[in-house]
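Visitor: Numbering (full-length UniProt numbering), first residue to last: 1 to 360. By construction, the Cβ of each residue, glycine as well, lies at the ideal position given by its N, Cα and C atoms. In this text the structure is predicted, and so the values were computed from the model without any measurement. My questions all concern the structure below.
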Ligand SMILES: *[C@@H]1O[C@H](CO)[C@@H](O)[C@H](O)[C@H]1NC(C)=O
Ligand SMILES: *[C@@H]1O[C@H](CO)[C@@H](O)[C@H](O)[C@H]1NC(C)=O
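Structure, rendered in structure tokens:
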């Protein structure tokens, strides 16, 4: 799960490829204030849930109309990364995209009320809660600008000259301690498992290692991903407190149309996609540019099946939102059809997390 340059044993590692399980840990809250005497609906007074929800939040549609509450922040928020602040970046539909709200077919998804949230998670068991606020806080696995390192030994004799080592059974140090001290963990993963432009199968492959030794024969990324997930699940489950809540966030979809990110792909739509358009862009049969989100989810759902993890399924609701990326206002050489405008779609992910916290 931790990664470093393959075969770089005799010199300091050149490259740190983060394990592709990303943690959204935006804030740990420590409260010393006395517990509120108001017990919000659906919760016992220790903050545990009383109601079980059977709503499938991933099945629904986007409805345009006024929100019942004002936005929780605006473009003046200093925490917003410049390239994702679509209002100050001048994206034409940056305000319009906030008018859409997700309506699950079988229930409602109320907007997260920050005050209510803080009340609920004040004085939880050890006074900490972890939640994400935006998609800004990924610990993304990447190559840190380094070059792939030379490969030695068995791998070299198999024709591999260089690559990136991924230890499937070693947690990346950025999150290895997290299960010990968090009551609520939200984990997600990146697009990097399906990124031949980054991890060229010949020139810069992902090379999987287990117990410090290369896995022979070398695994294709999707198999290595499945094995890594299995290790991650058991690592986190064993260390998380019995009443800790663990979520895995499903894949955030990209919306490159007319080519991938490095081949002129764009996302200039000003309204959410229709259901047919979603299938056109994402169905496994069509195997289009952005298909990796559903492919990764297949592996995720398989690895998490029967585990203590709850799935925060943001994928389908987000697949509609081709209008909600920074696009040409992302400040990059290519269009940004991967990250999301803030405020924007990811605020609905927070609503979803809150709904799940009430029901797990
Ligand atoms: C999907 O498309 C990619 C290239 O775009 C190709 O390499 C891959 O083999 C295709 N997969 C299937 C299952 O058709
Ligand atoms: C989860 O496991 C159960 C039984 O072990 C199986 O019936 C079900 O199809 C699995 N679901 C997925 C998504 O793999």
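1. Report whether the distance from the Cβ of residue 287 to the nearest heavy atom of ligand 1 is below 6 Å.
2. Whether or not the stretch 232-252 and the stretch 319-328 are in contact is what I'm after, with contact meaning three or more pairs of Cβ atoms, one per stretch, closer than 8 Å; do they touch?
3. Going along the chain, which residues of its own chain have a beta-carbon closer than 6 Å to the beta-carbon of residue 259, five neighbours each way excluded?
4. Can you tell me whether residue 420 sits near ligand 2, meaning its C-beta is under 6 Å from at least one heavy atom of the ligand?
5. Below 7 Å CB to CB, which residues in the same chain sit around residue 343 once its five sequence neighbours on both sides are set aside?
6. In chain order, what residues of the same chain have a beta carbon less than 6 Å from the beta carbon of residue 112, not counting five sequence neighbours either side?
7. Can you tell which of 346, 360, 341 has the C-alpha that lies nearest to the C-alpha of residue 397?
8. Grouping DSSP H, G and I as helix and E and B as strand, with all else coil, what is residue 262?
9. Exposed or buried, which one is residue 212 when buried takes at least 16 other CB atoms within 10 Å?
10. Restricting to Cα atoms, I'd like to know which of 315, 220, 222 is closest to residue 348.
11. Report the partner residues of residue 103 according to the DSSP bridge assignment.
12. Below 8 Å on the Cβ atoms is my contact criterion, and I expect residue 179 with residue 236 to pass it. Report the Cβ-Cβ distance as a whole number of Å.
13. Between the Cα of residue 255 and those of 289, 284, 285, spot the shortest distance and give me the residue it belongs to.
14. Mind pulling the alpha helix (DSSP H) runs of 4 or more residues that sit fully within the stretch 262-305?
15. Quick one: measure Cβ to Cβ for residue 257 and residue 267, integer angstroms, because I've assumed they're closer than 8 Å.
16. State the Cα-Cα distance for the pair residue 79 and residue 159, rounded to the nearest angstrom.
17. When you compare only the Cα positions, how much space is there between residue 191 and residue 207?
18. Expressed to the nearest angstrom, what Euclidean distance is found between the alpha-carbon atoms of residue 251 and residue 119?
19. Return the residue from the list 360, 328, 334, 102 that minimises the CA-CA distance to residue 361.
20. When the distance is taken between beta carbons, is residue 221 closer than 7 Å to residue 193?
21. Going by DSSP, which residues form a beta bridge with residue 361?
22. Evaluate residue 292 with the Cβ neighbour count: other Cβ atoms within 10 Å of its Cβ, from every protein chain shown; 16 or more gives buried, anything less gives exposed.
23. State the DSSP-derived secondary structure class of residue 177, mapped to helix, strand or coil.
24. Under DSSP, the alpha helix (DSSP H) around residue 117 begins and ends at which residues?
25. For residue 91, which beta-bridge partners are listed by DSSP?
26. Just the Cα atoms here: how many angstroms apart are residue 117 and residue 218?
27. Can you tell me where the alpha helix (DSSP H) holding residue 81 begins and where it ends?
28. Got a sec? Which residues, its chain only, sit under 6 Å from residue 234 by beta carbon, not counting five neighbours each side?
29. Can you tell me where the alpha helix (DSSP H) holding residue 352 begins and where it ends?
Guide: From the atom records:
1. yes
2. no
3. 265
4. Lying before the first or after the last residue shown, residue 420 is absent from the chain, which here runs from 1 to 360.
5. 71, 73, 74, 98
6. 350, 351, 354
7. Nothing about residue 397 can be read from this structure; the chain reaches only from 1 to 360.
8. coil
9. exposed
10. 315
11. 61
12. 5 Å
13. With distances taken between CA atoms, residue 255 lies nearest to 289 out of 289, 284, 285.
14. The stretch 262-305 contains these whole alpha helix (DSSP H) runs: 275-282, 292-304.
15. 6 Å
16. 46 Å
17. Each residue's Cα considered, the two are about 17 Å apart.
18. 30 Å
19. As displayed, the chain neither begins before 1 nor continues past 360, which places residue 361 out of reach and without an answer.
20. yes
21. Limits of the chain in this structure are 1 at one end and 360 at the other, which puts residue 361 out of reach.
22. By the neighbour-count rule (16 or more Cβ atoms within 10 Å), residue 292 is buried.
23. coil
24. 114-120
25. Answer is none; residue 91 lacks a bridge partner.
26. 46 Å
27. Where residue 81 is concerned, there is no enclosing alpha helix (DSSP H), given that its DSSP letter is neither H nor E.
28. none
29. 345-359
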